[in-house]
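So the structure is just underneath, and the comments pick up after that.
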């Protein structure tokens, strides 16, 4: 099941960062309490200013004015300080969550299995964007909630003191309501929250769907950039334009629904506020006309009659209405937390999946026994009773397309969980798989050549020699040049760069899966000869459709002649 909201939110607060996080949070809370104290003080000072003006008390005007001025300066300073401390805490929380999710995502090939299974979309967006927004909204809302509680109690006490008793009679029965201004503020806020929830409750699902359609649209654009040349060769611009516009149509439809629902919610929210904007003044008039309170007290209740202090009624309802004002943010927060919960759940399900292909540490050779490889649907793909590869041997794997050549390599690499059997690889062996299209990272060419190792661990001379041996002479002087090498290098050059990595790392076991398909026959044979010479003690296993390389290999595994797969059986 999905992890709870508390588990996703609380992980940081019980981590190694907990004491610093608690300290920063305590500072934010202290500043929040100070801001409430200043607001209550400003409310009283504003009322006093009105009273001294009404009384034309010139001697009292200056000190009251100075006090109001000082309070007016203090309030924004506290807000700035609170924002700075909160952002430091927010950065540390986001950093911790990002590291946690990145580590889990990149461990044990989870990133591959999630993409292959299609169980989760846009994992990168959930890490890069959703975490940042979640942390920001969570801290903002929690601190606002604390402010709301303290401010509600403080201004509630002010309203209670200014209310006195409201006395009236109905059908001859005398009714007395103490603190009626406070109860009126509570009733006003409850009505406000109810109508806003009614108007905006569907925003949760719409905001969740927004993340999906936006990411899908962005992904199509990214794929167009990555495969620009191939698409141009196919004259596929019109098709891609149609796909992009269709994806954007889903974005537009979602945005239209959000705009309509948000407009409705804001109309209801603000219309309610404006309709009852004079309510505190109307409630205060009877007390003022009877002489129970001064005009300054009316200003403290209603606000806006002088001084920096907000009216107590407005402050009370505004505080309680933080729930109302934050409703769109809450719907967004709920969508974000659910996306991260789904992310964690998807990775947890991968960890809980039973792996029926057992991977063990072997002795001095690779042994695959009783392999029964299947497709994700459970359909049988390949059965192999026994395969044993010794150090220094050269194997070539043959077979018709779709017979399972690449799948066999994935299973040996631990990247194919579907099926059963046992694979034992010597614990001390370094194993490298070179696919038809290798990953070439952006940055200095030396870093791309030494990938996944550290470039500083390899001398420039050794790197240049590896480039020369793999017919990449013209790039030997560009080791420190930074570029998007995946785009700058042709398909054949990318394959030669991947083969040059083998000369850098010198693994004990090499799997080449159509790794020279983009090379001409002469270059292919020359580089193979170099690999066989320089990696004399390494076992090399090649998957290829070409027969020209057969003579360079000592053993042949023909998948068309091994045991035929059994009848389809559902995967369990």
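Residue numbers (the working numbering): 575 to 1146.
Just so you know, even glycine gets a beta-carbon here, dropped at the ideal spot from N, CA and C.
Helix, strand or coil at residue i according to DSSP, with G and I counted as helix
i, result
"residue 1056", "strand"
"residue 972", "strand"
"residue 801", "coil"
"residue 564", "A question about residue 564 goes unanswered here, because the residues of the chain that appear run from 575 up to 1146."
"residue 1007", "strand"
"residue 1018", "strand"
"residue 575", "coil"
"residue 1045", "coil"
"residue 936", "strand"
"residue 1136", "coil"
"residue 920", "helix"
"residue 1068", "helix"
"residue 641", "helix"
"residue 948", "strand"
"residue 649", "helix"
"residue 589", "coil"
"residue 955", "strand"
"residue 1144", "Any reading at residue 1144 is ruled out, since the residue's pLDDT is 33, under 50, leaving its predicted position unreliable."
"residue 791", "helix"
"residue 615", "helix"
"residue 772", "helix"
"residue 868", "coil"
"residue 854", "helix"
"residue 989", "coil"
"residue 1092", "coil"
"residue 1013", "coil"
"residue 846", "helix"
"residue 881", "Low per-residue confidence applies at residue 881: pLDDT is 37, beneath 50, and the placement is therefore not dependable enough to give any value."
"residue 1026", "coil"
"residue 1080", "coil"
Beta-carbon contacts of residue i that lie in its chain and below 6 Å, excluding the five residues immediately before and after
i, result
"residue 699", "789"
"residue 918", "577"
"residue 907", "711"
"residue 821", "790, 791, 794"
"residue 1058", "1016"
With 16 other Cβ atoms within 10 Å as the buried cut-off, status of residue i
i, result
"residue 826", "exposed"
"residue 833", "exposed"
"residue 927", "exposed"
"residue 944", "exposed"
"residue 938", "exposed"
"residue 979", "buried"
"residue 1148", "Nothing about residue 1148 can be reported from this structure: the residues present for the chain run from 575 to 1146 only."
"residue 950", "exposed"
"residue 780", "buried"
"residue 600", "exposed"
"residue 1001", "exposed"
"residue 586", "buried"
"residue 620", "buried"
"residue 1020", "buried"
"residue 759", "buried"
"residue 636", "exposed"
"residue 956", "buried"
"residue 1026", "exposed"
"residue 1119", "exposed"
"residue 774", "buried"
"residue 858", "buried"
"residue 887", "buried"
For residue i, the residue or residues it bridges with in DSSP
i, result
"residue 1129", "969"
"residue 1116", "970, 1086"
"residue 750", "741"
"residue 942", "961, 997"
"residue 931", "995"
Cut-off 8 Å between Cβ atoms - residues of its own chain near residue i, not counting five sequence neighbours on either side
i, result
"residue 829", "784"
"residue 656", "602, 605, 606, 609, 717"
"residue 582", "911, 914, 915, 918"
"residue 1076", "1006, 1008, 1084, 1105, 1109"
"residue 612", "645, 648, 649, 652"
"residue 1082", "965, 1000, 1002, 1003, 1004, 1005, 1111, 1112, 1113"
"residue 1048", "none"
"residue 685", "679, 697"
Contacts around residue i, its chain only, beta-carbon distance under 7 Å, and the 5 residues preceding and following it disregarded
i, result
"residue 734", "753, 756"
"residue 694", "688, 916, 917, 920"
"residue 930", "993, 994"
beta-carbon residue i near the ligand ZN non-hydrogen atom, thresh 7 Å
i, result
"residue 1062", "Questions concerning the ligand ZN fall outside what the structure shown contains, since it holds no ligand whatsoever."
In chain order, what are the residue ranges of uninterrupted alpha helix (DSSP H) at least 4 long that sit wholly in the segment 667-720? 684-691
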